[in-house]
Structure formats: structure tokens, C-alpha cells
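Remarks on the structure that follows.
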């Protein structure tokens with residue numbers, strides 16, 4: 039007997055359960071060039087099954103879809119704690135956006151072009167690793183309540199890890215990369231420009247001989263530093279539990295607008311629907327400095343009595359959780375480039391996410407065009423948000439953040 043997503047949910051329904059199948063079918067090409075050359079063609083299939091009944095919920099996953107995975111989900115539900123908010127969502131109309139732009143055969147040819155173009159940097163940089171990763175996937179969500187959505191997504195990335203060997207010192211390792219849905223927007227010249235820029239700045243490296251209360255964080259630094267802290271703080275689950283440093287209606291100045299926007303078609307982490315099959319929304323998190331909305335999924339919106347922002351994220355091996363998609367940060371481009379610039383940050387995982395307090399290392403930074411040794415950056419998320427003075431340059435997409443470089447006061451750098 040053929041077993042597919044529909045037969046699984048029908049069987050669950052006949053047993054009196056709400057059920058949902060989240061499936062992923064992905065094919066990828068991965069190329070790594072370092073001391074050795076590796077090339078992989080991978081195929082990945084995965085199925086996550088979630089069930090709900092009488093306020094109890096269970097979950098199981100497998101790389102093959104059969105009745106056993108449903109049985110395991112039901113068994114886990116029987117021993118779970120009853121909670122009346124454990125229900126599956128009903129369908130809402132999904133407006134599809136285009137997320138599939140290439141096939142793997144095309145990506146394989148493009149990888150050769152990218153490698154040839156990036157070969158030029160080896161004449162002046164020590165390239166530690168060169169990575170090419172291309173994936174075409176199909177995401178599907180089906181449940182007993184009528185949700186039945188599918189879409190194909192493509193994702194391509196090129197990245198370099200490198201340093202420079204000087205007579206007196208070896209520089210830190212730098213990371214530069216570009217990730218896109220559409221290969222026509224994958225511009226490796228941006229990577230080459232950044233390598234050349236770091237080569238020029240890191241001709242020498244000095245000890246910082248003064249303290250700063252202001253700094254400029256590049257989009258790359260914002261993505262690795264501000265994004266994890268902010269994504270945690272704007273989760274409705276964390277706000278409900280009293281674990282967020284932000285409060286609804288709180289004012290953080292008047293220079294800042296932040297949206298969670300999964301509808302930017304060409305951007306990684308864009309999507310037509312979330313991990314529960316509900317239509318993606320552009321959500322205003324902070325409006326003119328005022329905290330307006332926390333991101334939610336079905337469970338936490340019901341529990342907290344708030345609007346569901348359809349911000350569920352997941353893999354097939356996990357139940358849905360609340361997560362930001364693309365943090366679209368908007369500030370006026372009116373700041374001057376006259377302070378220390380931080381481009382890479384390490385140690386964000388050591389921060390206190392509940393209070394927003396951090397003490398991290400700026401591993402790549404410069405002042406007045408001269409590289410400085412590692413600096414320590416201390417402060418809080420709220421101070422950072424309140425201290426945003428303005429933006430510099432054009433918006434760029436790094437990780438899941440779309441922003442200008444941000445000039446921020448109210449922090450300590452030494």
C-alpha cells in the first residue's frame with residue numbers, strides 16, 4: 039500500500055487525531071576547496087509528523103515515510119502534558135512568491151565561473167577554505183484541518199575563509215560570503231572587493247589606545263551580533279515567559295524601524311508559508327522606535343491571546359518554533375564614518391539572552407583605516423537599539439539581516 043502525506047493524515051484522522059506532515063526533499067551540490075578538493079552530490083528526504091488530541095501533542099520524524107512514524111508520534115502524545123492550546127492551525131490563503139531560480143546542473147557550471155574569478159585572490163591572500171553550496175528543495179505541509187501547501191526553493195552560496203601572512207604577524211581569519219536564491223544576484227566581485235579591502239587595512243595592526251562609546255557595525259557584524267539577540271527578544275514565547283528584555287509599547291528612540299519580512303523573493307530565508315503552512319507576513323516589530331509586535335506561531339498566539347504572525351520555523355526533525363526570517367532594518371543614512379568600525383564579532387553565544395547583556399570580542403575591526411587588535415565590546419541589546427544614530431552606505435543582505443552599516447552609541451569598546 040502506498041504511504042504518502044495524505045494517507046498518513048487520513049489514518050491519523052480516523053484514529054481521532056489532528057495530524058500534520060512536514061516534508062523536505064532536497065538535492066544539493068557541495069564543493070570544498072582547501073588543502074584538498076571535495077565535491078558532493080547529496081539527496082535528503084525527511085518527514086516530521088505532529089499529532090494533537092485532547093490537548094496533548096506528539097512528534098516523530100523519519101527519513102522514510104511509513105505508518106511507524108505516525109505510531110511513534112501518537113505514542114509520544116499519550117505521555118505528553120495536556121495543554122488546551124495544543125491544536126493544529128486551519129488553512130489560510132497562501133500567495134506564492136517565486137523562490138526557485140535554478141537547477142543543479144546550472145549551478146555546477148556557475149561554480150566553475152565563480153572559482154575562476156575567485157582564483158585571483160590567491161595571489162595576495164592565504165585562502166584557507168573555498169566553499170560552494172547549492173540546494174534545490176521542495177517543502178510541503180499537509181494537515182488534517184485542510185492545509186496543503188508546497189513550494190520549491192533554490193539556495194546558492196559562495197564563501198571564502200582567508201587570512202594574510204605579514205612579516206611581523208598573521209592576521210585573524212576573515213570570512214566573506216554571498217548567499218542568494220537567484221544565481222544572477224550572486225556577485226563574487228563583492229567577495230573579491232572585501233578581500234582586497236582587508237588586504238589594504240591589515241598592512242599593520244595596532245593596539246587600540248583609547249576607549250570608544252560609539253562604533254560602526256557593518257551588515258556582517260549586525261547579522262552575527264545584533265540578530266541573535268534581537269531574534270530571541272522579539273519571540274512571543276520569550277516575552278510571555280518574561281525572558282525578553284523588550285516590552286510591548288516600549289520606546290527605543292525614534293530612528294528605527296525593523297520588520298520581519300519573509301517576502302523578499304531573492305533573499306535567503308524568504309518563504310511563501312511558514313513551518314505550519316500558514317501564509318508568510320511582513321511584520322512590523324519596531325515602528326519609529328516603538329516595540330509593536332512579537333513574533334508568534336499557532337501555539338503561542340493562542341496561549342498569549344495575540345495575533346499569529348505566522349513566524350513558525352522548523353526542519354523535518356523538529357516541531358515548529360518561533361523564529362525571525364529576514365530582519366529588515368531601516369534607519370536614515372545620515373551618520374558619519376568617524377569612529378571604530380567592527381566587521382566580525384565572536385562570542386555572542388556567551389551573552390545573557392534573557393537580559394540582553396553581552397561582552398563579546400570584535401575580532402575584525404579598524405579605526406581610521408588601520409586595523410586594531412581584538413577589542414572587547416560590552417553593553418546590552420536595549421542600549422544598542424536606543425543608541426542607533428543612523429546608517430551608512432547602502433543596505434546589504436548578510437545572513438538573515440538586510441541593513442545598512444549602523445552607527446551605534448551607548449556601548450563600551452576597549
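Numbering (the numbering used here), first residue to last: 39 to 452. Glycine included, C-beta positions come from ideal geometry on N, C-alpha and C. The structure displayed is predicted, hence computed values, not measured ones.
So, at 6 angstroms on beta carbons, what are the nonlocal neighbours of residue i in its own chain, with the 5 sequence-adjacent residues on each side left out?
i: residue 293; result: 369 and 426
i: residue 143; result: none
i: residue 239; result: 404 and 409
i: residue 437; result: 261
Report yes if the CB atom of residue i is closer than 9 angstroms to the CB atom of residue j, and no otherwise.
i: residue 352; j: residue 125; result: no
i: residue 191; j: residue 138; result: yes
i: residue 413; j: residue 246; result: yes
i: residue 274; j: residue 333; result: yes
i: residue 186; j: residue 103; result: no
i: residue 287; j: residue 372; result: no
i: residue 57; j: residue 174; result: no
i: residue 362; j: residue 318; result: no
i: residue 127; j: residue 316; result: yes
i: residue 91; j: residue 121; result: no
i: residue 166; j: residue 196; result: no
i: residue 233; j: residue 159; result: yes
i: residue 297; j: residue 99; result: no
i: residue 502; j: residue 323; result: What is shown of the chain runs 39 to 452, which leaves residue 502 out entirely.
i: residue 66; j: residue 84; result: no
Is it right to say residue i is buried, meaning 16 or more other beta carbons lie within 10 angstroms of its own, or is it exposed?
i: residue 184; result: exposed
i: residue 44; result: exposed
i: residue 75; result: exposed
i: residue 53; result: exposed
i: residue 205; result: exposed
i: residue 149; result: buried
i: residue 154; result: exposed
i: residue 442; result: buried
i: residue 289; result: exposed
i: residue 79; result: exposed
i: residue 345; result: exposed
i: residue 15; result: Residue coverage of the chain in this structure runs from 39 to 452, which leaves residue 15 outside it and unanswerable.
Kindly indicate if chain B contains any beta-carbon less than 9 angstroms away from that of residue i.
i: residue 227; result: The structure shown has no chain B; it contains just one protein chain.
Apart from the five residues on each side of it in sequence, which residues of its chain come closer than 8 angstroms, Cβ to Cβ, to residue i?
i: residue 210; result: 201, 382, 401, 402 and 412
i: residue 133; result: 310 and 317
i: residue 216; result: 195, 196, 197, 224, 225, 226, 228 and 229
i: residue 20; result: Absent from the model: residue 20. The displayed extent of the chain is 39 to 452, so no value can be given.
Can you find the residues in the same chain that come closer than 7 angstroms, C-beta to C-beta, to residue i, ignoring five residues on each side of it along the sequence?
i: residue 304; result: 218, 219, 220 and 223
i: residue 50; result: 57, 89, 108 and 182
i: residue 237; result: 162, 163 and 202
Segment contact, 8 angstroms Cβ cut-off, at least three pairs: the stretch 379-389 with the stretch 422-429
In this structure the stretch 379-389 does not touch the stretch 422-429; the number of beta carbon pairs closer than 8 angstroms is below three.
Taking only runs that begin and end inside the stretch 207-249, name each unbroken alpha helix (DSSP H) of 4 or more residues, in chain order.
DSSP runs (the alpha helix (DSSP H)) wholly in the stretch 207-249: 226-239.
What beta strand (DSSP E) runs, 3 residues minimum, are completely inside the stretch 154-203?
Within the stretch 154-203, the complete beta strand (DSSP E) runs of at least 3 residues are 164-181 and 186-201.
List, from N- to C-terminal side, the beta strand (DSSP E) runs of 3 residues or more that fit wholly inside the stretch 90-136.
94-100
Per the contact definition of three or more C-beta pairs closer than 8 angstroms, is the stretch 110-117 in contact with the stretch 69-78?
no
Report yes or no: do the stretch 236-254 and the stretch 308-315 share at least 3 C-beta pairs separated by less than 8 angstroms?
no
Alpha helix (DSSP H) runs contained entirely in the stretch 247-326, provided each spans 4 or more residues:
257-271 and 274-278
Kindly provide the ranges of any beta strand (DSSP E) runs that are 3 or more residues long and lie completely inside the stretch 334-420, ordered along the chain.
DSSP runs (the beta strand (DSSP E)) wholly in the stretch 334-420: 365-368, 379-384, 395-405, 408-410 and 413-418.
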